[in-house]
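Data block below; observations after.
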Amino acid sequence: MAIDKKNMKVVNNKTHSLDGKALMQGKGKYTDDLAEQNSLVIKILRSPHAFAHIKSIDVSEAQKLNGVALVLTYKDVPHVSFSRAGQGYPEPSPHDKFILDEYVRYVGDEVAMVAAIDERVAEDALKLIKVEYEVLEPVLDFETAYENKSVIHPEDGIKEMFPIGFDPKKNVAASYEMHVGDVEKELAKSDVVVDETFYTQAQAHAMLETHSSNARLDMHNRLVIYSSTQTPFHMRRIMATTLGLPVSKIRFIKPRVGGGFGGKQAFHGEMFCALTTLKTGLPSKLVYTREEVFGASYTRHPMRIQMRIGAMKDGRINAIDCRSLSDTGAYGEHALTVFMIVGSKVLPLYNKVDAVRFGGRVVYTNHVPAGAYRGYGAIQGNYALESTIDILAEKLGMDPKEIREKNSMKEKETSPIFEIMGEGTKGTAMIMESCKLPYCIKRGAELINWNKNWPRVKVSDTKVRGYGMAIAMQGSGIPFMDMGSCSIKLNDGGSYNVTVGATDIGQGSDTLIAQIVAEELQTSVDNILVYSSDTDLTPFDCGAYASSTTYISGNAAWRAAIKMRERLIKEAAEYLGEKPENVEFDGKIFTSKDKTVSLYDLSVQWLYNKNLHQASVTESYFGHVSPPPFMAAYAEVEVDLETGEYEVLNYVTVTDCGTTINPMLARGQVEGGIVQGLGMACYEDVKYDKKGNLLSNNFLSYHIPTHKEIHKLTSEFADSYEPTGPFGAKSVGEIGIDTPPAVICNAIYNATGVRVHTLPITPEKILKGLKELKK
Amino acid sequence: MLVKFYLNDTLVSYDVRPDEYLSETLRSHGIKSVKVGCNESTCGSCTLLLEGKPVMSCSVLTASIENKHVTTIEGIQEEAAKIAYHFAEEGADQCGFCNVGYALVVYALKKNIKNPTDEQINDYIVGNLCRCSGLHSQLKAIKAYLKEE
Ligand code: FES
Ligand code: FES
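Protein sequences, first through last, are from chains E and Z.
Each residue of the first sequence is one higher than the one before, counting from 1 in the numbering used here.
Each residue of the second sequence is one higher than the one before, counting from 1 in the numbering used here.
In C-alpha cells:
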C-alpha cells in the first residue's frame, strides 16, 4: 500500500547527511588514517611489459637491504586462482587471477611485493629485484583478440564457476547470446532499417581517495583489515577461500571511503597486506599511488556496439539487434555481467518490439583490466541505442522525442528481456509498477524548451546551439542474489543503535538508513546511531554495487524498523495491560485509552528494573524484482563551427527513482553521475602507446571535469512511488551516468550535422566531420 | 633537520628529512585531516593555507617553511562548519575526501577577494578536484557561504 508522501516527516524531507559536517571539519577517518603508526609499508614491483613470462626472478639483494621485512614473488604465495571482483558466490567472473603469477599481462601487472619499514626503503628494494622476462607478443587491439595466436591466459588452474562462455584459449573471458522472436524476419519486414556501429572508450574511475588497505593481528591472532572497499563481506569470503583461512579468522572494516564508483568493488592490495601481516606478525599498509590507480586498478570496459533497428513508417519500432564486443583487459573481472547489462538495462526501454536479439563476446587484451564502473555496461549500451534512435527518427522524419514517446516503456508494462537476462544467469520477470518515463520526457522537454529550440538555434555565423536528448533506465539491485540486513537495538533513554552491512562510500547510505528507521519509529535522525560495514559487528550486506543500497539495504532497514515498532507496541501493551491493537505509539509515548507510558521510561526499566531484556531485532531483505529507475535527459550545447569546440550550457534531467528518501542526496547522485558521464562523453580517455604503456596516468594527462567545464545542471524528479521499495523508493546511484554520451552525440549532430561514432566526442572529431560535410 | 613553524598559531618544531613534503610531515605527526589524493600537485585534496594563501602541501618542502604560518582545517573549525552547512543545503557533499581542501580554499577566497565573480570563484577553486559531486551544486554552496556576513 502506498504511503502518502505528505505524511512523511523525515523520509522525502531535507535532511543533512549525518557525516557531512565532520568530513568538512577533517574529522572523517579514511582507511590510511587508521593504519597502525608502525605499519610496514608495502610496495609492488610492476611489469614494464604488456605481456611477458618471468624467466627468472632474483630477490636476494632486495631481501638483504636494511629495513626490508619481506619480499614475495609468485613462488611464495598460494597458487589459487580467484577473481578480484567483489561479487556474490559463486562469482559470475572467471577465476583467472593469481595473487602473483609467472606471467604478467599488462604494463603495471604485479611482479613482486616488498614490505619495509618505510616507503623509501621499500622503493629502493624494488629497484634491487632482478627479473628476466621473456617478452611475448601482446594483444593491444581488442578487435583482433579473438583467436589471436597470442593467448593471454595459457596457464592451467583457471576456471569458470558456472558456464559463462569462458574460452581462454581463444582469449574469450565470457560470451553471451539471447533472442526473442525472429529478428531477421522483423527487420526484413520493416520500412526503415538503420545499422550503426559505435565505439566506447576505457574510462578511469579517478576517485579521489586512492585504493588503500592495512592489516594487523588482534590479540586473538585474527587478521583485522581496514579497506577502502565497496564490498567488505565479499572481501572476507574471497580472502578466506584464496588464502585458505577460516572466515572466522578475518575481520574487514570499511571506514569512510573517498569515492568508489565500482572501482572499489574489487581487491587492490588487501591480499598483500594480509600476507605481509600473517607472515611477519606485524601491521602493514598499502596505499596506491595515483599512477597505480590509473595504471594498475580498473577501467571501464571499452566496447564496440552495433545496433540494427527496424521500424515502420508510422514510427513503430519492430526489432532491435545488438551485437557487442567488450575488452576486459588482462583479467575477466565483471566481464560477463557488465556485458549483459549492455542489453538487459538498455534494450527494455523499447519494449514494444516484436523481436530483439543481443549477444557477442568479452575478450582478453593486454590492457589494464576492466572492472565494475558506475553504469556497468548501461552507459555503453545507452550511447549506441540512443544515438541510433535519433538516426532512425531522422530517417522517419520524426521528432526524436515523439519516437521515444511512442515506443518507450510505460507503467504496468514489461519486457521479455527481464525474465531472460539476469546477472550472469537467468533473470526475473517483472511488471513496471512505477514508470513515469512519459512524464520525464514531457517535463524535460519543457525545461529545455524543446519545441522551440530543437534541433538548433543559430547564435552567430560561427556559433550554433544544438539540442539533444536521450532516455535511460537502470535497476535496483540483483533479484534473489543481493541481500542486505539491519539490526536495531533500543538504548535506555529511547535512542536506537542501527547496524547495517550497507556500505557507505560517500553516497550517503548511512544517512538514508537513519532516515528510513527514524521515519518508521517516528523519531528524528539524531536519535538513530548508525554503524555500518564491519564484518565482525554488523549483519551481512552484499555491498554497494548494482544500485542496490537504497532498495535492498533500505528495505532491510525498513523491515527491521517495522518489526521494532511492533515489538515495542506489544511490550508496551503488556505493561499497560491492554491489547497491542489498542495501543498507539507516536515515537515517544504509548497510549491506550487513558493510560500512557513513555518509551523513555520503558527503555530504562527494561535494562535496569522490570521485565529485564534487550529489545532488539534483525531483518534481512532480498529483491524479488529489480525496479528500474528511469530518466529523460536533454542538453543545450553550443558549438564553435570554426574550432569544433563546444560547451554544455545546460544539462536537464527528470528522474523517476520513486520516492527520493533524501532529496538532496538523490540530486547529488544524479548530478555526480551526469558529470562523470559528461567526462566520458566529452574528453576522458584512457590512452596507451603502441607498446601498451599507459599514457593517461595522472590528472594532467587524464582530464576529469572541473568547475571550468560544468555549467548549469537542471535536475528534477518525477512524483513516483515504487510499491516494493522502502517508502516507495527505487535506486538512484547509477542512472545519472547513462545518458550524457548519447545526449551530447545527438546535440552535436543537431548543431552541426556531424555524427560522432566514437567516444569521447572531441573538437577534432567534430572538425573533421565538418570538413567532410563541406566536400 | 629541525624545522619550526606555526601550526594554527602554535609554534611547533618537527624533525624532518630535507626532502620531506609538508603533507607527509603533518600526517606522520598525526594530523590526518590532510588528505593526499595524488601526491603530485594535481588534485588539491592536500590544500593548506601557508601565510593565509592556499598551497598544495604535497609540493611544499617542510624545510622551506621555517617560521611561517600554516593553517589546517583544525584552525578554521567554525568556518568549516558553516561551509558544510551550505554544502549540505545544496546536496554538494558526498564522500568528503575533497572537502577539507575545499573548505580551506573557499575560506581563503572569502578572506582574499571581496565579492568575487563566478569566473573568479572558478579560477580560485579549479585546482580542487571532486569526482563525486555535480560541481554545479558546490558552486551554489560556495556562493551562499561567500554571501554570509
Ligand atoms: S595530494 Fe597534493 S595536490 Fe593532490
Ligand atoms: S565529495 Fe568525493 S571527491 Fe568530492
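Think of the CB as a built atom: it goes at the ideal place given N, C-alpha and C, for glycine as much as any other residue.
For clarity, every value in this text was computed on a predicted model and none was experimentally measured.
Helix, strand or coil at residue i according to DSSP, with G and I counted as helix
i: E:V525; result: helix
i: E:V362; result: strand
i: E:F480; result: coil
i: E:S344; result: helix
i: E:G310; result: strand
i: E:P726; result: helix
i: E:P698; result: Reading off the sequence, residue 698 of chain E comes out as Asn, not Pro. DSSP places E:N698 in coil when its eight states are reduced to three.
i: E:L72; result: strand
i: E:P400; result: helix
i: E:F51; result: coil
i: E:S616; result: strand
i: E:C486; result: strand
i: Z:L22; result: helix
i: E:F233; result: helix
i: E:L512; result: helix
i: E:H153; result: coil
i: E:I748; result: helix
i: E:I505; result: coil
Neighbour-count burial assignment, residue i, 16 or more Cβ in a 10 Å radius
i: E:N609; result: exposed
i: E:P246; result: exposed
i: E:D536; result: exposed
i: Z:H29; result: exposed
i: E:R361; result: buried
i: E:N697; result: buried
i: Z:A141; result: buried
i: E:A514; result: buried
i: E:S415; result: buried
i: E:H220; result: exposed
i: E:L275; result: buried
i: E:H707; result: buried
i: E:A429; result: exposed
i: E:G157; result: exposed
i: E:M312; result: exposed
Residue span of the alpha helix (DSSP H) that contains residue i, given as start and end
i: E:V776; result: Because residue 776 of chain E is not part of the residues shown, which for chain E are 1 to 775, the question remains open.
i: E:A561; result: 554-576
i: E:G468; result: Segment 463-473 is the beta strand (DSSP E) holding E:G468; no alpha helix (DSSP H) there.
i: Z:V100; result: 99-112
i: Z:I83; result: 77-90
Residue span of the beta strand (DSSP E) that contains residue i, given as start and end
i: E:E107; result: In the sequence under discussion, the amino acid at residue 107 of chain E is Val, which differs from the Glu named in the question. No beta strand (DSSP E) contains E:V107, which DSSP labels as neither H nor E.
i: E:T782; result: Lying outside 1 to 775, the shown extent of chain E, residue 782 of chain E is not represented and no answer is given.
i: E:C322; result: 317-329
i: E:T601; result: The question names Thr, but residue 601 of chain E is Asp in the sequence shown. From DSSP, E:D601 is part of no beta strand (DSSP E) but of the alpha helix (DSSP H) over 599-608.
i: E:F717; result: 712-717
i: E:K130; result: 130-135
i: E:F267; result: Run containing E:F267: none; DSSP gives neither H nor E here.
i: E:L349; result: Where E:L349 is concerned, there is no enclosing beta strand (DSSP E), given that its DSSP letter is neither H nor E.
i: Z:S137; result: Note, Z:S137: premise wrong, no beta strand (DSSP E); alpha helix (DSSP H) at 136-147.
i: E:R456; result: 456-458
i: E:R755; result: Note, E:R755: premise wrong, no beta strand (DSSP E); not H, not E.
One or two residues paired with residue i in a DSSP bridge
i: E:T15; result: Note: E:T15 sits in no beta bridge, so no partner.
i: E:D195; result: E:R308
i: E:I158; result: DSSP lists no partner for E:I158.
i: Z:L7; result: Z:T10, Z:V70
i: E:E636; result: E:Y467, E:N650
i: E:G658; result: E:A729
i: E:R357; result: E:H179, E:D321
i: E:A112; result: E:L45
i: E:Y688; result: E:L694
i: E:E584; result: E:T591
i: Z:S47; result: The sequence as given places Thr at residue 47 of chain Z; Ser does not occur at that position. Beta-bridge pairing links Z:T47 to Z:M56.
i: E:T499; result: E:S487, E:Y531
i: E:N214; result: E:Y226, E:K285
i: E:F622; result: E:M483
i: E:K97; result: E:F82
heavy atom of ligand 3 below 7 Å from residue i C-beta
i: E:L208; result: Although ligand 3 was asked about, the structure shown includes only ligand 1 and ligand 2 as ligands.
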